[in-house]
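Worksheet for the structure shown next.
Numbering (this note's numbering), first residue to last: 4 to 219.
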């Protein structure tokens, strides 16, 4: 099991208001988080061109205010109080093997990890994550790093594949605004990987906390 250093546990809480309710959504990287941010902004009345640039942290805070996106690179328990103050609390998770595979591919594509095979990365996971750009921790960490270890605090829990089929329609109903569906970013398909059975077993051991908590 990975011993996550508290100073490097990452999380962000997206906060916004719709239909008179205070809503909190945990930003969990590699779990349709960019699409989720886009849908929240559109629900709040921000219009996007279908082929326009996808939103990011800076755009989110510029449009909804600095208090709408709280925290970066701090432990989950630093945000639990603010999350529990929300009327609705939403978590989006992903199968741990898919999440780690996608995180590794993302970090290779963006050169957060350089010249490192998947086998080498998995074998030296803790060392590479600690010595590399903090984005490696962010994108390759278990769901539990971002969502915590108690699923009961959430009012809505979605697999990342349900963002378009469940979260988007719900935001449409709450807001009454049209929301344009986002598509996979260019280049994402090219960076997808298919781990071997041996690599999958190693990944399961590295993401063990997710299986214990139920983020799987």
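All C-beta atoms, glycine included, are put in the ideal place defined by N, C-alpha and C. Treat the numbers as computed from the prediction; the structure is a model and nothing was measured.
query, result
"Identity of the residue in 47, 34 and 16 nearest residue 173 by Cα", "47"
"Alpha-carbon to alpha-carbon, residue 18 and residue 206", "32 Å"
"Inter-residue Cα distance where the pair is residue 104 and residue 125", "10 Å"
"DSSP three-state assignment for residue 193, whether helix, strand or coil", "Low confidence applies here, because residue 193 scores a pLDDT of 46, under 50, leaving its location unreliable and the question unanswered by this model."
"Status (buried if at least 16 other CB within 10 Å, exposed otherwise) for residue 171", "buried"
"Same chain only: Cβ atoms within 6 Å of residue 25, ignoring 5 sequence neighbours per side", "89 and 90"
"Residues near residue 182 by beta carbon distance below 7 Å, same chain, minus five either side", "42, 45, 46, 171, 174 and 175"
"Straight-line Cα distance separating residue 115 from residue 71", "28 Å"
"Three-state class that DSSP yields for residue 142 in the structure shown", "helix"
"Proximity below 7 Å, CB of residue 68 to CB of residue 154", "no"
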